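K.L.:
Residue numbers for the sequence shown, in my numbering: 44 to 236.
Even glycine gets a Cβ: it sits at the ideal position worked out from N, Cα and C.
Note that the coordinates shown come from a computational prediction; the quantities given were computed from them, not determined experimentally.
The structure follows.
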Amino acid sequence: MLVNSAGCDLAAAKNILSGMNDLNKVALDYTELVDEATWIGELHKLAQSDNLNPLLSGYACALLLERNLISNDELAKEVSRRLSPGIEADLGAGWFEGLAQRNRYALLTRLPLWEQLSAYVASLTEEEFKRALVFLRRAFGEFSPQEKVSITENLGEIWGVNPDNVSELIQQDLSTEEKQKLDELSGFDFDNL
């Protein structure tokens with residue numbers, strides 16, 4: 044039933060995501076009463092699906108990751124598959140948004156995930172980046188300030204920047220060129236996506 048419901052738009056996906064959270068809690072709290080194998084099977088089907096709502100697929104992957112039912116290698120393969128050239132930017136970023144909804148500590152400690160995300164963002168054209176930005180902004184907007192510092196440290200390590208200098212770099216004033224780019228992006232109509 045979960046998989047059948049997941050071919051939906053973003054508004055419906057948010058309601059389904061809430062239901063998935065509730066069902067997962069019930070499955071964890073009442074293991075003797077719940078057919079957990081069916082629930083886990085549905086999560087696996089949804090997590091592996093390419094034709095269902097990407098937010099829900101990412102969230103299913105996050106629930107499996109939280110339960111240690113996806114190895115680091117499997118996660119790296121899935122991230123590589125979801126965040127790769129040829130995948131529409133909004134689909135990849137939407138999937139990441141779902142993944143980032145749960146157990147952020149588990150995500151923050153997996154450097155290969157951030158390597159894949161960095162490579163993905165670097166591969167986007169300007170227009171693809173603008174589309175992906177909507178989802179990435181929503182995903183990262185939910186992170187705490189300390190989690191954002193951890194992300195920047197991970198990315199700094201990937202980019203070869205001394206982690207001690209990352210915070211300083213982020214706190215620097217924007218250059219005129221960077222301000223101009225932000226101004227251009229401010230005029231971007233995200234509602235048309």
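1) Going straight from the alpha carbon of residue 236 to that of residue 132, what length do you get?
2) Run the CB neighbour count on residue 100, radius 10 Å, all protein chains shown included, and call it buried at 16 or more, exposed below.
3) If we call anything under 8 Å between Cβ atoms a contact, is residue 209 one with residue 195?
4) Please check the pair residue 193 and residue 151, which I expect to be a contact at CB under 8 Å, by giving their CB distance rounded to whole angstroms.
5) Label residue 69 either buried or exposed according to how many other C-beta atoms from any shown protein chain fall within 10 Å of its C-beta, with 16 as the threshold for buried.
6) Between residue 122 and residue 89, is the Cβ-Cβ spacing less than 8 Å?
7) Going along the chain, which residues of its own chain have a beta-carbon closer than 8 Å to the beta-carbon of residue 107, five neighbours each way excluded?
8) Helix, strand or coil: which one does DSSP assign to residue 215?
9) Would you identify the three-state DSSP class for residue 82, choosing helix, strand or coil?
10) Taking just the CA atoms, how far does residue 125 sit from residue 141?
11) Excluding sequence positions up to five away, which residues of its chain have a Cβ less than 8 Å from the Cβ of residue 174?
P.N.:
Per the coordinate set shown:
1) Caution is warranted here: a pLDDT of 44 is assigned to residue 236, below 50, making its placement in the model unreliable, and the coordinate value is therefore given only provisionally. One C-alpha to the other measures close to 11 Å.
2) Classification of residue 100: buried, given that the 10 Å Cβ count is 16 or more.
3) Result yes, Cβ atoms of residue 209 and residue 195 sit closer than 8 Å.
4) Rounded to the nearest angstrom, the Cβ distance from residue 193 to residue 151 is 5 Å, consistent with a contact under 8 Å.
5) An exposed status is given to residue 69, since fewer than 16 other beta-carbon atoms sit within 10 Å of its beta-carbon.
6) No, these two residues do not count as a Cβ contact at 8 Å.
7) Correct list, in chain order: 83, 86, 87, 90, 113.
8) Residue 215: coil per DSSP, three-state reduction.
9) Shown here, residue 82 sits in a helix according to DSSP, grouped into three states.
10) Here the alpha carbon of residue 141 sits roughly 12 Å from the alpha carbon of residue 125.
11) 131, 132, 133, 136, 236, listed in sequence order.
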